[in-house]
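Residue numbers (my numbering): 736 to 982.
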Amino acid sequence: MQDRRFSPLLLITIVVAAAGMALVGFFWLGGPAAPTPLPQPPELVVKKAPSATSNSSKAASTGSTQPSPDATPALMTAPIAANVSAEQKARQDADIKIGTLLAQNPTVEGARDKLLLLFPSFTPFEKIAAAPHIVNLTGDEQLATVVGFLKNPLTPAEAQETFFNDMLNRAPQTGWPVLVEVIATPKHPLAERAKELLTTIVGQDHGNDVFGWQRGLRDQLKAQGALPEDAPTTKTTDAPPAPVPQQ
Numbered sequence: 736m737q738d739r740r741f742s743p744l745l746l747i748t749i750v751v752a753a754a755g756m757a758l759v760g761f762f763w764l765g766g767p768a769a770p771t772p773l774p775q776p777p778e779l780v781v782k783k784a785p786s787a788t789s790n791s792s793k794a795a796s797t798g799s800t801q802p803s804p805d806a807t808p809a810l811m812t813a814p815i816a817a818n819v820s821a822e823q824k825a826r827q828d829a830d831i832k833i834g835t836l837l838a839q840n841p842t843v844e845g846a847r848d849k850l851l852l853l854f855p856s857f858t859p860f861e862k863i864a865a866a867p868h869i870v871n872l873t874g875d876e877q878l879a880t881v882v883g884f885l886k887n888p889l890t891p892a893e894a895q896e897t898f899f900n901d902m903l904n905r906a907p908q909t910g911w912p913v914l915v916e917v918i919a920t921p922k923h924p925l926a927e928r929a930k931e932l933l934t935t936i937v938g939q940d941h942g943n944d945v946f947g948w949q950r951g952l953r954d955q956l957k958a959q960g961a962l963p964e965d966a967p968t969t970k971t972t973d974a975p976p977a978p979v980p981q982q
């Protein structure tokens, strides 16, 4: 039988040929693909706000009282918010005070007399809070007192408007003559409005002529039957002897 054993030289030749073919195949196919790197999340940058100590130190070193550029809008608008809050608090305090006075005087007469007595000494916001209650509690018997509040320059404009509107809700022969008094009051803030209303009522603009307004108002009230035909010229409670120029 013929010997089939391979010689060592033949084995080495076969191994070298196989290795060479493997290398050719590796470079021909480009080798294994490199893994695609996963995207990394962006780095979170936290901006540290300047501390109060650093801000105050910076202001002290520069000698400036101006707000820092890094100051937030809320801090820069704080003084405005404080002013609004102060007014609201003053109004709330006034409402509480007037409400307490009304509670301490539960009768209509007692509450009315108390408010009329204390009104001149009230603060502006207390007068504004008290004016609607005075309007609701007073009748024609207290008209002169209410008209005095309306014409007083120390009465806040908001309270004056409350009393002015009350005159429009009263009977024409009672409330309309008060509009003439407003016109006759020098520099009254509601004088122009009174002129506009009376011009519509009497059909003519008498300007600053108080007596002209009185005559026109008397004729209109007579035409409406609110005054008898033989009624004298409508008089106000404090009409001047001559027209008062308005500036």
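In this text, a Cβ means the ideal position worked out from N, Cα and C, and glycines have one as well.
LYS922 - containing alpha helix (DSSP H), residue span: From DSSP, LYS922 is part of no alpha helix (DSSP H); its letter is neither H nor E.
Under 6 Å Cβ to Cβ from ALA864, same chain only, skipping five residues before and after it: list those, please. ALA829, ASP830, ILE833
Near LEU878, what residues of its chain come up, given a Cβ to Cβ distance below 7 Å and the 5 sequence neighbours on each side ignored? THR909
Take SER856 as the anchor and find which of ASN840, PRO841, ASN887, ASP875 has the nearest alpha-carbon. ASN887
For a test of the three-state rule: what should DSSP assign to PHE857, helix, strand or coil? coil
So, MET884 versus PHE854, is the Cβ gap smaller than 8 Å? The question names Met, but residue 884 is Phe in the sequence shown. Yes, the Cβ-Cβ distance between PHE884 and PHE854 is below 8 Å.
Comparing the C-beta of ASP828 with each C-beta of chain C, is any distance below 8 Å? Reference to chain C is not applicable here, since this structure consists of a single protein chain.
Taking just the CA atoms, how far does LEU933 sit from LEU956? 12 Å
By Cβ distance below 8 Å, which residues in the same chain neighbour VAL781 in space, the five residues on each side in sequence not counted? For VAL781, the predicted structure reports a pLDDT of 47, less than 50, and the residue's modelled location is therefore unreliable. A value from the coordinates is still provided. The answer is none, since no qualifying residue turns up.
Among PRO963, ILE918, HIS923, which residue has its Cα nearest to the Cα of PRO891? HIS923
Inter-residue spacing [alpha-carbon to alpha-carbon] between PHE898 and ASP965: 30 Å
For ALA846, collect the residues of the same chain with a Cβ closer than 8 Å to its Cβ; drop the 5 residues on either side in sequence, then sort them by chain order. LEU836, LEU837, ASN840, HIS868, LEU872
Buried or exposed: which applies to LEU889, given that a residue is buried once 16 or more other Cβ atoms fall within 10 Å of its Cβ? exposed
What does the Cβ neighbour count give for VAL843, buried or exposed, with the cut at 16 atoms within 10 Å? VAL843 is exposed by the Cβ-count criterion.
If we call anything under 8 Å between Cβ atoms a contact, is ALA866 one with ALA894? Their beta carbons are under 8 Å apart, which means ALA866 touches ALA894 by this criterion.
Among ASP940, TRP911, PRO921, whose alpha-carbon lies nearest the alpha-carbon of GLN959? Out of ASP940, TRP911, PRO921, TRP911 has the C-alpha closest to the C-alpha of GLN959.
Cα-Cα separation, GLU896 to ALA926: C-alpha of GLU896 to C-alpha of ALA926: approximately 11 Å in a straight line.
Nearest-angstrom Cα distance between GLY708 and VAL870? The chain is shown from 736 up to 982; residue 708 falls before or after that span and cannot be answered.
Among the residues of its own chain, which have a CB less than 8 Å from the CB of LEU962, if the five just before and after it don't count? GLN908, ARG953, LEU956, THR969
Sequence-distant residues of the same chain with beta carbon closer than 7 Å to LYS849, five excluded per side: Only LEU836, ASN840 meet the Cβ criterion.
Please classify GLY919 as buried or exposed, where buried requires at least 16 other C-beta atoms within 10 Å of its C-beta. Correcting the residue type first, residue 919 is Ala in the shown sequence and not Gly. Label assigned to ALA919: buried.
Do LEU903 and THR880 have their C-beta atoms closer together than 8 Å? no
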